[in-house]
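All the letters of the sequence shown, read from the start, carry residue numbers 1 to 255 under my numbering.
Here a beta-carbon is modelled for each residue, glycine too, at the ideal position from N, C-alpha and C.
As structure tokens, the structure follows; a few thoughts come after it.
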Amino acid sequence: MRRKGSFPFPSYAEALFSQVLVSRKPIQGVWEHPKAPKKVPLVTQGPQVAGEQPLEVSERKQVLQSLGRFVDEQGDGGAQFPGGSIQKSADAQRLKKKDIVDTHPIEVVEPITEDCQIIFFGERPKDFSEENPTGDLLSKMIQAMKLKEGGYGRVFIEKDNELAKAQWHETVLKCDGLEKMIVVSLGALATNTIMGKRERLSKVHGKEFQVLFEGEKGECVLQVFPVFHPDILQINPNMKRSAWLDLQKVMEKLA
Numbered sequence: 001m002r003r004k005g006s007f008p009f010p011s012y013a014e015a016l017f018s019q020v021l022v023s024r025k026p027i028q029g030v031w032e033h034p035k036a037p038k039k040v041p042l043v044t045q046g047p048q049v050a051g052e053q054p055l056e057v058s059e060r061k062q063v064l065q066s067l068g069r070f071v072d073e074q075g076d077g078g079a080q081f082p083g084g085s086i087q088k089s090a091d092a093q094r095l096k097k098k099d100i101v102d103t104h105p106i107e108v109v110e111p112i113t114e115d116c117q118i119i120f121f122g123e124r125p126k127d128f129s130e131e132n133p134t135g136d137l138l139s140k141m142i143q144a145m146k147l148k149e150g151g152y153g154r155v156f157i158e159k160d161n162e163l164a165k166a167q168w169h170e171t172v173l174k175c176d177g178l179e180k181m182i183v184v185s186l187g188a189l190a191t192n193t194i195m196g197k198r199e200r201l202s203k204v205h206g207k208e209f210q211v212l213f214e215g216e217k218g219e220c221v222l223q224v225f226p227v228f229h230p231d232i233l234q235i236n237p238n239m240k241r242s243a244w245l246d247l248q249k250v251m252e253k254l255a
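Structural data, given as structure tokens:
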């Protein structure tokens, strides 16, 4: 309920932020009585002066520009609010087959076929065994996602940075001819290898990044979702919930 004599919050900002962002700076403006006749918007007052914008449009533009500057100041993590978050828009990474000059053999547990929708890309989990390829934590995570057999593939890479990059390129080449593919990068090494830069996994996990691969058979959109590596989850079981929430985002993308 508004206090008597209080300054009303602008309607366009209230609708835009929905009580998510409230500036601590005093609102500049002239108070108008609620029952006072409203001014006719500038857009209905006949021809406008050259270069002049309607009042409502210009104010909304100022709010959006201010919000954009605020998000930029927060860094790569974007701005976090009680009702959600706003991330900076980033261009998708582009990768062309002609630019791939170095590859390295990869360890593929399941073949990457046309029916494959997800690739789990990362270092080989310590609890993975060829004798029991479904008893490790990663396998249990995949089972919880209810992925169909043949609908996913696991690619294990080396711990060496240069070899991991070459193995990523080898993995991308196997996606030539596919329209899209979801890649779940397991851990910091896999994530940094795909993104081409060092990022703290705590800042980027669960977020979507895109790599556009231009192959001989067309363009493939690789939708990358970083998650914590199963070995980290074994060490710190409290992080399993966070990893499961990240995987649910992948499931929503599939749906």
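Paired residues, beta bridge with P97 - DSSP
By one-based count along the sequence shown, residue 97 stands at place 97. Per the sequence shown, the amino acid found at residue 97 is Lys instead of Pro. DSSP output for K97 lists no bridge partner at all.
Buried or exposed (CB count within 10 angstroms, at least 16 for buried), Q101:
Reading the sequence shown from its first residue, position 101 is the one you call residue 101. The question names Gln, but residue 101 in the sequence shown is Val. Classification of V101: exposed, given that the 10 Å Cβ count is below 16.
Evaluate the contact criterion for the segment 147-158 versus the segment 216-233: three or more CB pairs, one atom per stretch, below 8 Å.
no
Can you list, in chain order, the residues of its chain with a C-beta nearer than 7 Å to that of T171? Leave out the 5 residues immediately preceding and following it.
Here the question's residue 171 lines up with position 171 in the sequence shown. Contacts found: I106, I119, F121 and V155.
Let me check understanding here. Comparing Cα to Cα, which of S202, K253 and S185 lies closest to G196?
For the purposes of this step, residue 196 is taken as residue 196 along the sequence shown, with counting starting at 1. Ranking the options by Cα distance to G196, first place goes to S185.
Taking just the CA atoms, how far does D231 sit from Q167?
Counting from one through the sequence shown, the residue named residue 167 turns up at place 167. Counting from one through the sequence shown, the residue named residue 231 turns up at place 231. Using only the alpha carbons, I get a separation of about 20 Å.
For P125, name the three-state secondary structure that DSSP assigns.
Numbered from 1 along the sequence shown, position 125 holds the residue referred to as residue 125. P125 falls in the coil class under three-state DSSP.
I'd like to check one pair, K97 with G206: are the Cβ atoms closer than 8 Å?
Numbered from its first residue, the sequence shown carries residue 206 at position 206. Numbered from its first residue, the sequence shown carries residue 97 at position 97. For G206 and K97, no; Cβs fall outside 8 Å.
Given this structure, state the Cα-to-Cα distance separating D115 from G151, to the nearest angstrom.
To locate residue 115, count along the sequence shown from 1; it is residue 115. To locate residue 151, count along the sequence shown from 1; it is residue 151. One C-alpha to the other measures close to 6 Å.
Determine the direct distance from the alpha carbon of V227 to that of D246, and round the result to whole angstroms.
Taking the sequence shown and counting its residues from 1, the one referred to as residue 246 is at position 246. Taking the sequence shown and counting its residues from 1, the one referred to as residue 227 is at position 227. Rounded to the nearest angstrom, the two C-alpha atoms are 7 Å apart.
Label M181 either buried or exposed according to how many other C-beta atoms from any shown protein chain fall within 10 Å of its C-beta, with 16 as the threshold for buried.
Within the sequence shown, numbered from 1, the residue matching residue 181 stands at position 181. Counting Cβ neighbours within 10 Å, M181 comes out buried, since at least 16 surround it.
Taking a contact to mean a Cβ-Cβ separation below 8 Å, would you say V211 touches L138 in this structure?
Looking up residue 211 in the sequence shown gives position 211. Looking up residue 138 in the sequence shown gives position 138. The answer is no: Cβ separation not under 8 Å.
DSSP-derived helix/strand/coil call for G187
One-based indexing of the sequence shown puts residue 187 at position 187. Three-state DSSP puts G187 in a helix.
Pairwise C-alpha distance: K146 and K249
Locating residue 249 in the sequence shown gives position 249, where the first residue counts as 1. Locating residue 146 in the sequence shown gives position 146, where the first residue counts as 1. When rounded, the distance between both Cα atoms is 14 Å.
Cα-Cα separation, T113 to A188
If you number the sequence shown from 1, residue 113 lands on position 113. If you number the sequence shown from 1, residue 188 lands on position 188. Cα to Cα, the separation comes out at about 26 Å.
Helix, strand or coil for V109? Go by DSSP, reduced to three states.
Position 109 of the sequence shown, counted from the start, is the residue given in the question as residue 109. Correct three-state label for V109: coil.
For F128, which residues from the same chain have a beta carbon less than 6 Å from its beta carbon, with the 5 sequence-adjacent residues on both sides left out?
The residue labelled residue 128 in the question sits at position 128 within the sequence shown. So the list reads D136, once near-sequence residues are dropped.
Given K174, which residues of its chain have a CB within under 6 Å of its CB, disregarding the five upstream and five downstream residues?
Residue mapping note: residue 174 aligns to position 174 of the sequence shown, counting from 1. The residues are I112.
Considering just the uninterrupted stretch of the beta strand (DSSP E) at R154, what are its terminal residues?
Your numbering for residue 154 matches position 154 in the sequence shown. Looking at the DSSP string, the run of the beta strand (DSSP E) that includes R154 is Y152 to I157.
Could you tell me if I235 is buried or exposed, where buried requires 16 or more neighbouring beta carbons within 10 angstroms of its beta carbon?
By 1-based counting over the sequence shown, the position of residue 235 is 235. Flag for I235 reads exposed.
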